[in-house]
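Okay, so here's the structure we're looking at.
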Amino acid sequence: MLLKITNLHAAINGKEILKGINLDVNKGEVHAIMGPNGTGKSTLAAVIAGRDLFDVTQGEILYKRKNLMNLSVEERAREGIFIGFQYPVEIPGVSITNFMRTAVNEIRAYKGLDPLPAGEFLKMMEKKKKLVEITSDLTNRSVNEGFSGGEKKRNEIFQMAMLEPTLAILDETDSGLDIDALRVVANGVNKLRTPENAFVVITHYQRLLEYIIPDFVHILYEGRIVKSGGKELAIELEEKGYDWIKQQL
Amino acid sequence: MDSVTPYRITPERLLDLFEKNRSELFANDPPDVHARREKALESFQKKGFPDKKLEDWRNTDLSESLNREYDYPLHRTEEDDQHKVFRCNIPHLDTAVIGQLNGWFVSKDVPLIELGNGIIIGSLAEAMNKYPGLVEKHLGNYASVEQSSFTALNTAFATDGTFIYIPDGVKSDKPVQLVNVIQHRENIFIQSRNLIVLGKNAQLTVVHCDDSYDHQPSFSNVVTEIVLDEGAFLDHYKLQNLNNDSTLISSTWFHLGKNASLESHFITLNGGMLRNNTFVKFNGSFGNANVYGLYLMDRQQHIDNNIFVDHASPDCMSNELFKGVLDEHASGVFNGHVLVERDAQRTNAYQNNRNILLTDSAKINSKPFLEIYNDDVKCSHGSSTGQLDPQAMFYLQQRGIGEENARMLLMYAFADEIVNKIAIEPLQHRIEDMVKKRLQGELQICEQCVLHCSTPEHPAEFKIDVSKI
Ligand SMILES: Nc1ncnc2c1ncn2[C@@H]1O[C@H](COP(=O)(O)OP(=O)(O)O)[C@@H](O)[C@H]1O
Ligand SMILES: [Mg+2]
Chain A
1353 MLLKITNLHA
1363 AINGKEILKG
1373 INLDVNKGEV
1383 HAIMGPNGTG
1393 KSTLAAVIAG
1403 RDLFDVTQGE
1413 ILYKRKNLMN
1423 LSVEERAREG
1433 IFIGFQYPVE
1443 IPGVSITNFM
1453 RTAVNEIRAY
1463 KGLDPLPAGE
1473 FLKMMEKKKK
1483 LVEITSDLTN
1493 RSVNEGFSGG
1503 EKKRNEIFQM
1513 AMLEPTLAIL
1523 DETDSGLDID
1533 ALRVVANGVN
1543 KLRTPENAFV
1553 VITHYQRLLE
1563 YIIPDFVHIL
1573 YEGRIVKSGG
1583 KELAIELEEK
1593 GYDWIKQQL
Chain B
153 MDSVTPYRIT
163 PERLLDLFEK
173 NRSELFANDP
183 PDVHARREKA
193 LESFQKKGFP
203 DKKLEDWRNT
213 DLSESLNREY
223 DYPLHRTEED
233 DQHKVFRCNI
243 PHLDTAVIGQ
253 LNGWFVSKDV
263 PLIELGNGII
273 IGSLAEAMNK
283 YPGLVEKHLG
293 NYASVEQSSF
303 TALNTAFATD
313 GTFIYIPDGV
323 KSDKPVQLVN
333 VIQHRENIFI
343 QSRNLIVLGK
353 NAQLTVVHCD
363 DSYDHQPSFS
373 NVVTEIVLDE
383 GAFLDHYKLQ
393 NLNNDSTLIS
403 STWFHLGKNA
413 SLESHFITLN
423 GGMLRNNTFV
433 KFNGSFGNAN
443 VYGLYLMDRQ
453 QHIDNNIFVD
463 HASPDCMSNE
473 LFKGVLDEHA
483 SGVFNGHVLV
493 ERDAQRTNAY
503 QNNRNILLTD
513 SAKINSKPFL
523 EIYNDDVKCS
533 HGSSTGQLDP
543 QAMFYLQQRG
553 IGEENARMLL
563 MYAFADEIVN
573 KIAIEPLQHR
583 IEDMVKKRLQ
593 GELQICEQCV
603 LHCSTPEHPA
613 EFKIDVSKI
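Each protein sequence line maps, in turn, to chains A and B.
Residue numbers 1353 to 1601, in this note's numbering, belong to the letters of the first sequence in order.
Residue numbers 153 to 621, in this note's numbering, belong to the letters of the second sequence in order.
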């Protein structure tokens, strides 16, 4: 098992947001997490990534059989955890190229590999840009600075392609995208899928799941996974709405 | 060599020193220069050293610096003249290097040269001899003894420094690098004076460095007057890498004529107690001045940037952007004062000061201030102080970048906005390198901004690569 979350509780400023999450993810799988706003989807991603804003009050997260609580944010990342953020932050003055080169080489160093020579790195950038159909010279601009919503999301997928994570959690990467951009993002994900990695796709809409076919769909509601099923669950949820979930509780 | 006994520099000692040495020290003065000296002394006598009761000095406390004992040499010594530090150069940067050691112009037997195109570069003392009319016309004419008692003291005492004259229409093809190194057996008190004159439509790039050679305490009171005649252009760099026990009061007085244009950069990498007084006066219309600053301080270091821009003429533009990173117990002051006078219609004036405080004990006192007596102006001022953005830190770390490197990337990105304004490419690379080293805590005080003789160049190895590839 790649990721095993057991009875996870997390709070911010004493307010409990996650109230006992259980989730198992195996290599090669795609999981979708759906749920209304404010139920803790982004919080779950942040807690897996190790954001110290949140306190884990109960439960555990095992990743590759390691207890994640013992690892720093960067160690988790170097172990292959990647978050495609719902709201990617703008970092003026840091170019995407330098950013990615630093990240790639730190991850390589963690694995005991030498830094990638500049030429090879640039080639790799070009290749990955094509994968997410970035044609403009986005890469020499400051990270996310002045990017449109769509550009930011595409840039997240580009970074994912560069870092080749084992577990990618994509937090509402689809929201705010038009249908073309959505297709690009989904294509990117599908091309990166291997039997060795896994994806957790957080989304509001069933729409994305027509392009990225999930093996499992989970509904997160008020800090708990209240229902899990196959890809049909997403369609059912789309038809019946979240009230249907509320009534069932 | 006579042995010296350092003493506390007090106004009384200074006045006494002036009286005792006046006939011999100031024998070369052109008459107007001498008159300005007397007036300056009077002004200093009235005011003395500034203390924290003065609004302008409220957050900069010189008492510790002034309580130290210093040797104050009134004459150059043999050693000052023959010093070996001024030999070499930064690779690829083709500049004319002139050196000052302990405030004295290092002549290497040629105290003053006049180039074929009329450019004069040399010792100010020598210039008073050879070109008394030219010196007299400018020296002390721009630096106001009323506005600053340190300038008054310098005007009263200083006899040497650097003189640069660029005649009308002449464009200096090489940057002139003025390197001011301090090295002395005792604590030293220094007062040097520089005068830079750009004629009509003249152009010049000056790189002005303040460096220490060792860890000996020093107190420098340096005044530089820079006058730009109509249409002149000056690209000016002030780079400071002094030891932690140095005190520097550096006052730069810019006077801009009609259509004159100034790009100025104050880059402070190290020092003990530093105060940059920068005065910009627009004496004609359509003048243009960009004044940038970057300061990276830690330990108990203190940096005070005090900038006064006088829009005395219409249609001028001034723009200030100062950025600082303060670590440990470092403290900083930004006092920006823009005065728009009654007749200065269509003035554009912008001021911005941004700071990052890395610890709870680091301090900044930032006060951008606009004083406007005209309706037809576009002005803005802003100031911000914060920590490194925790969201950005998390984002970088989530991509596998370690905390130390993530901090470094963000700090460098912050500083880079100013480094990017450096127009001379090799100098930009050099400064970039020094800023990286500084942020990593690896910059040596003996690492001079451009001279680096004894050891070969060691470009900073950033574990992360923030160079542009
Ligand atoms: N930084 C924060 N400070 C305070 N409350 C927060 C913070 N982040 C999230 N929350 C709260 O946690 C709850 C879940 O938020 P979030 O995980 O973003 O939901 P979702 O992603 O499902 O829309 C919300 O009630 C939100 O207000
Ligand atoms: Mg969310």
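Cβ atoms here follow ideal geometry from the backbone N, Cα and C, with glycine treated the same way.
8 Å Cβ cutoff, residue i in contact with chain B
{"i": "Lys-1418/A", "result": "no"}
{"i": "Ile-1435/A", "result": "yes"}
{"i": "Arg-1559/A", "result": "no"}
{"i": "Ala-1586/A", "result": "no"}
{"i": "Leu-1483/A", "result": "no"}
{"i": "Ala-1538/A", "result": "no"}
{"i": "Val-1441/A", "result": "yes"}
{"i": "Ala-1401/A", "result": "yes"}
Neighbour list for residue i in chain B, Cβ cutoff strictly below 7 Å
{"i": "Gly-1445/A", "result": "Ala-565, Phe-566, Asp-568 and Glu-569"}
{"i": "Val-1425/A", "result": "Phe-546, Gln-549 and Gln-550"}
Under 8 Å between C-beta atoms of residue i and residue j
{"i": "Gly-552/B", "j": "Ala-1429/A", "result": "yes"}
{"i": "Lys-519/B", "j": "Phe-566/B", "result": "no"}
{"i": "His-1361/A", "j": "Thr-1395/A", "result": "no"}
{"i": "Ser-370/B", "j": "Thr-399/B", "result": "yes"}
{"i": "Pro-183/B", "j": "Met-280/B", "result": "no"}
{"i": "Ala-1401/A", "j": "Ile-1433/A", "result": "yes"}
{"i": "Val-444/B", "j": "Ser-416/B", "result": "The sequence shown places Tyr at residue 444/B, not Val. Result yes, Cβ atoms of Tyr-444/B and Ser-416/B sit closer than 8 Å."}
{"i": "Asn-457/B", "j": "Asn-504/B", "result": "no"}
{"i": "Val-322/B", "j": "Asp-363/B", "result": "no"}
{"i": "Leu-1490/A", "j": "Glu-1503/A", "result": "yes"}
{"i": "Met-1421/A", "j": "Glu-1427/A", "result": "no"}
{"i": "Ala-1520/A", "j": "Gly-1436/A", "result": "yes"}
{"i": "Ser-259/B", "j": "Ala-310/B", "result": "no"}
{"i": "Glu-382/B", "j": "Gly-409/B", "result": "yes"}
{"i": "Ala-514/B", "j": "Glu-493/B", "result": "no"}
{"i": "Ile-1577/A", "j": "Val-1382/A", "result": "no"}
8 Å Cβ cutoff, residue i in contact with chain A
{"i": "Pro-243/B", "result": "Since pLDDT at Pro-243/B reaches only 43, below the 50 mark, its modelled position is unreliable, and the value read off the structure follows with that caveat. Output row for Pro-243/B: interface = no."}
{"i": "Gln-549/B", "result": "yes"}
{"i": "Phe-546/B", "result": "yes"}
{"i": "Gln-543/B", "result": "yes"}
Strand pairing of residue i, partner residues [DSSP]
{"i": "Asn-1507/A", "result": "Paired residues: none, contrary to the question."}
{"i": "Leu-330/B", "result": "Ile-250/B and His-360/B"}
{"i": "Asn-457/B", "result": "Asn-428/B and Phe-486/B"}
{"i": "Phe-546/B", "result": "Bridge partners of Phe-546/B: none, in fact."}
{"i": "Gly-445/B", "result": "Phe-418/B and Phe-474/B"}
{"i": "Thr-537/B", "result": "Asn-507/B"}
{"i": "Gly-1436/A", "result": "Leu-1522/A"}
{"i": "Asn-393/B", "result": "Asp-363/B and Asn-422/B"}
{"i": "Gly-274/B", "result": "Leu-264/B and Phe-315/B"}
{"i": "Gly-1581/A", "result": "Val-1569/A"}
{"i": "Tyr-1563/A", "result": "None; Tyr-1563/A has no bridge partner."}
{"i": "Trp-209/B", "result": "Answer is none; Trp-209/B lacks a bridge partner."}
{"i": "Ile-1443/A", "result": "Val-1495/A"}
{"i": "Tyr-222/B", "result": "Tyr-159/B"}
{"i": "Val-349/B", "result": "Tyr-317/B and Val-379/B"}
Interface residues of chain B facing residue i [CB-CB closer than 8 Å]
{"i": "Gln-1511/A", "result": "Arg-551"}
{"i": "Ile-1459/A", "result": "Gly-552"}
{"i": "Ala-1520/A", "result": "Result: empty, since nearest Cβ-Cβ is about 12 Å, beyond 8 Å."}
{"i": "Leu-1515/A", "result": "Arg-551 and Gly-552"}
Chain C within 8 Å of residue i, Cβ atoms only
{"i": "Tyr-1563/A", "result": "Considering every chain present, this structure includes no chain C. Its protein chains are A and B."}
Contact set between residue i and chain B, taken where Cβ atoms lie within less than 9 Å
{"i": "Ala-1429/A", "result": "Gln-549, Gln-550, Arg-551, Gly-552 and Ile-553"}
{"i": "Arg-1535/A", "result": "Going along chain B, no residue has its Cβ under 9 Å from Arg-1535/A, so there is no contact; the nearest lies around 25 Å."}
{"i": "Leu-1396/A", "result": "The premise fails here: Leu-1396/A is roughly 15 Å from chain B at the closest Cβ pair, so nothing lies under 9 Å."}
Near ligand 1, which residues have their beta-carbon closer than 5 Å to a heavy atom? In chain order, the hits are Ile-1364/A, Ile-1369/A, Asn-1389/A, Gly-1390/A, Thr-1391/A, Gly-1392/A, Lys-1393/A, Ser-1394/A and Thr-1395/A.
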